[in-house]
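In my numbering, the protein residues as written are 2 to 206. Virtual Cβ for every residue (Gly too), placed ideally from N, Cα, C. All remarks here apply to the structure that follows.
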């Protein structure tokens, strides 16, 4: 084989989703949050039932999973955050954690049948945790990203009624912020109020 120089050269560069993830990660760490990493595959019980949700045809279900604990491809990041709080429930509060990762939504128009999005989620648990504190941190992240947004009240089974909002703008921003429902807290063995937020940073695929 004759050695030859590659005819084209490229300069290595971070992908767009990694650039925005790095910006948000630095901001969250600066705000005093600790980063976690959780699995992309979850069980139906942990991903739906504990959150008072029902699985439907809009979720990716693994047909022949190696274990029932890895049967659903996550389309939200609440599972990892609340399970981490559960594992640290004997530690001092308040606790503040965040996670950056991908979620998958079904889309029959795509070649793979799915869309993949880069999300960031954070949670705060403690006796004083509430919507106002979560709103403060979400506003800080939106300022860091230089994104304008509007809040509107919504109903969601995972969150207490009247304490949940969705955040949107004309450029496709989506986020959800709210105080987690007491029944969901009981399902995860948590004894303190918990405010949770999840924001879509960008579409990956």
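Check	Outcome
DSSP three-state assignment for residue 189, whether helix, strand or coil	coil
Start and end residues, beta strand (DSSP E) containing residue 20	Not the beta strand (DSSP E): residue 20 falls in the alpha helix (DSSP H), residues 17 to 31.
Residue 116, DSSP secondary structure in three states	strand
Assigned exposure category for residue 63 - 16 Cβ within 10 Å defines buried	exposed
Where residue 82 falls: helix, strand or coil (DSSP)	helix
Residue 13 beta carbon less than 8 angstroms from that of residue 39	no
Integer-rounded CB distance, given that residue 7 should sit under 8 angstroms from residue 121	Wrong, their Cβ atoms sit about 37 angstroms apart, outside the cutoff.
Backbone CA spacing between residue 187 and residue 155 [nearest angstrom]	22 angstroms
Residue 200 vs residue 176 beta-carbon contact at 8 angstroms	yes
Cβ neighbours of residue 184 in the same chain (closer than 7 angstroms, five flanking residues each side left out)	53
Contact check, residue 45 vs residue 85, beta carbons under 8 angstroms	no
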